[in-house]
Amino acid sequence: MYNSGKIIPGIIIFLAIVLFPFWSNLGKANVKPEPKIDTPVIQQMPVEERKCIEPKEFMKAGHMQMLNDWRDSVIRDGNRVFVSSTGKHYNMSLQNECLRCHSNKKDFCDKCHNYLAVKPYCFDCHIEPKENKS
Amino acid sequence: MKMLLPFVAVMALAAAALMAVNVANLHFLFGVIIPYIAFAVFVGGFVYRIVKWASSPVPFRIPTTCGQEFSLPWVKQNKIENPSTAAGVIIRMALEIFLFRSLFRNIKAELRDGQKIVYGSDKWLWLAGLAFHWTFLVILVRHLRFFVGDVPMCIAALEHLDGFLQIGVPMLYITDGVILAAIGYLFIRRVLLPQIRYISLPADYFPLFLIAAVVISGILMRYITKVDVVGVKNFTMGLVTFNPVIPATLMQGNGAFFFLHVFLISALFAYFPFSKLMHMGGVFMSPTRNMINNSRMVRHVNPWNYPVHVHTYEEYENDFRAKMKDAGIPVEKE
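Chains S and R, in that order, give the protein sequences. Under the working numbering, think of the first position of the first sequence as 1, with each following residue one higher. Under the working numbering, think of the first position of the second sequence as 1, with each following residue one higher.
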């Protein structure tokens, strides 16, 4: 091999970069985030009523889209009434509707968002729920 | 045919992944075994190719000189385009790698009014190439958020910057649009220009189609078909901690798109070391760029020179002195 003084360090740098995901996670466990839904408001509800405004699977994939639509509907059209797929009416409001039950932003919203390094800008304007810091 | 074959190949790969997951339930094979093999082939093959290249001697100073070489003190040297020092070469290589300096020189010859040939600068290939490579890099680095437990600031910041326009939810990444446009340009250029189409081979179209398929499957997954991202990260973290798990949410519904995406990437990784994509490593090793133009200052000895028997004039005279004198030929030593 010629120029090994330059090529071997080059190969080592290449390996360090491409193997970064492996060596940076050495000895770390793969922990899946579990958002908590055990807030006082939810606890007080009868078990059969402990449902989000739409099915869980839909909310999981589409909550961000829904919040965006709500924002546009409230700000641009002044419409605050949301009719869910089951025909129920809800108040379109992050602070007064969503956070009424999910008052635990740190253990609910932030769990998955932090896991995936997603930084929604909801609370740039909205007020974060007051949480008892344990 | 040169275009159809790679297109069919990419479609076949995509179909194979969807079939395997939806019909045959081969989630573990397509999600874990194949990605591991593909990655090993990529790393091993890459190093192998580099070592193989490095075992060829480059005995001659063959830098392409693009400016005034080092000369007399009053002649102004172009220190970057015709470097005579290692620092000059480093700057030259950096310009080549980060900004595609040599492609920036691209010119086009054209016949105007029948007989008149004109040359003009043609920067579109440079622009599209630069856009393609940089966005690809940003996309790759962005994906590290799936492979690192606590996502470092720099990766999060890059992602934030990429979604800077705040269009829609999930936020539209600028790079998603740019890379599609760039791939589109690079493809259309190959098809529309007769000269380029003539020299294009299946090996030119295949990576283009494959990368396009990877990009499109990723975009579909993010914006349209949706996927359980928490499950995705759980899965990728399982891979990098050598503790593979396949979350149930990925095994149903639109989860098949995720396996399609992973399989196409695996194909790209496995194909990489055997293809022209190796220019990623090769650009560092191109002797016309990475050599110092110092052939008038340093003696470069050809490494495969073997000892040549030399018969000097002195030895010649020693051998034939008497005969030379007899014939009246002047000699240096009596």
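Glycine residues also receive a C-beta, built at the ideal position from the N, C-alpha and C atoms.
Interface residues of chain R around residue i at Cβ under 7 Å?
i               : result
Q65 of chain S  : V169
E10 of chain S  : A small fix is needed here, since residue 10 of chain S is Gly in this sequence, not Glu. Those are F284, listed as they occur along chain R.
S24 of chain S  : V148
K36 of chain S  : In chain order: nothing, as chain R lies at least about 14 Å away.
V74 of chain S  : Correct list: empty, because the minimum Cβ distance to chain R is about 15 Å.
C112 of chain S : V230
Using beta-carbon positions only, say whether residue i and residue j come within less than 8 Å of one another.
i               : j               : result
P21 of chain S  : F147 of chain R : yes
V245 of chain R : F259 of chain R : no
S55 of chain R  : Y115 of chain S : no
N243 of chain R : N30 of chain S  : yes
W126 of chain R : L103 of chain R : yes
T225 of chain R : I62 of chain R  : no
G149 of chain R : K28 of chain S  : yes
R142 of chain R : D162 of chain R : yes
T39 of chain S  : H102 of chain S : yes
F187 of chain R : P6 of chain R   : no
K2 of chain R   : L201 of chain R : yes
D110 of chain S : K36 of chain S  : no
F42 of chain R  : F272 of chain R : yes
F269 of chain R : A17 of chain R  : no
F46 of chain R  : F14 of chain S  : yes
P176 of chain R : I107 of chain R : Note on residue identity: the sequence assigns Asp, not Pro, to residue 176 of chain R. Cβ atoms of D176 of chain R and I107 of chain R: not closer than 8 Å.
G281 of chain R : I50 of chain R  : yes
Pull up the CB-CB distance for residue i and residue j, whole angstroms please, since I reckon it's below 8 Å.
i               : j               : result
K325 of chain R : V331 of chain R : 6 Å
P35 of chain R  : V215 of chain R : With a Cβ gap of about 18 Å, P35 of chain R and V215 of chain R do not count as contacting.
A117 of chain S : V229 of chain R : That belief does not hold up - the Cβ atoms of A117 of chain S and V229 of chain R are roughly 11 Å apart, past 8 Å.
P57 of chain R  : P303 of chain R : 5 Å
M92 of chain S  : S73 of chain S  : 6 Å
N82 of chain R  : E69 of chain R  : 5 Å
Q99 of chain S  : P120 of chain S : Correcting the residue identity first, residue 99 of chain S is Leu in this sequence and not Gln. With 8 Å as the limit, L99 of chain S and P120 of chain S do not qualify as a contact, their Cβ atoms being about 13 Å apart.
I292 of chain R : V89 of chain R  : 5 Å
Given that residue i touches chain S, what residues does it touch there, using C-beta distances under 8 Å?
i               : result
A156 of chain R : A117, K119
R145 of chain R : L116, A117
V141 of chain R : Neighbours of V141 of chain R on chain S: none; closest Cβ ~10 Å, over 8 Å.
A54 of chain R  : M1, Y2, N3, S4, I7
H160 of chain R : K119
N234 of chain R : N30, K32
D228 of chain R : K60, A61
M237 of chain R : N25, N30
Could you name the residues of chain S that residue i contacts, counting a contact when the two beta carbons are closer than 9 Å?
i               : result
L137 of chain R : Those do not exist, as L137 of chain R stays about 12 Å from chain S at its closest Cβ, beyond 9 Å.
P57 of chain R  : Y2
D122 of chain R : None at all; the shortest Cβ gap to chain S is about 32 Å.
Could you name the residues that DSSP lists as bridge partners for residue i?
i               : result
F58 of chain S  : Its beta-bridge partners do not exist; DSSP assigns none.
L111 of chain R : R:I117
V81 of chain S  : S:N91
Give me, in chain order, the residues of the same chain whose beta-carbon lies closer than 7 Å to that of residue i; leave out the 5 immediate sequence neighbours on both sides.
i               : result
A213 of chain R : V10, A14, L264
F100 of chain R : W126, G129, L130
R222 of chain R : P170
By Cβ distance, which residues of its chain are closer than 6 Å to residue i, with the 5 residues on each side in sequence left out?
i               : result
N294 of chain R : S84
V118 of chain R : E110, R112
Which residues in chain S sit within 7 Å of residue i, going by Cβ to Cβ distance?
i               : result
P273 of chain R : Neighbours of P273 of chain R on chain S: none; closest Cβ ~12 Å, over 7 Å.
N243 of chain R : N30
I50 of chain R  : I7, I11
What does a CB cutoff of less than 8 Å around residue i pick up in its chain, not counting 5 residues either side in sequence?
i               : result
S134 of chain S : Below a pLDDT of 50, predicted positions are generally treated as unreliable, and S134 of chain S, at 46, falls in that range; no measurement from the model is reported.
A131 of chain R : V178, I179, A181, A182
H89 of chain S  : V81, F82, V83
V240 of chain R : F147
Chain R partners of residue i, CB-CB under 8 Å?
i              : result
C98 of chain S : Those within 8 Å of C98 of chain S in chain R number zero; the least Cβ separation is about 15 Å.
Say yes only if the C-beta of residue i is nearer than 7 Å to one or more non-hydrogen atoms of the ligand NAP, and no if none qualify.
i               : result
E128 of chain S : With respect to small molecules bound, the structure shown includes none, and the ligand NAP cannot be examined in it.
At a CB-CB cut-off below 9 Å, which residues of chain R make contact with residue i?
i              : result
V18 of chain S : F39, F42, V43, F46
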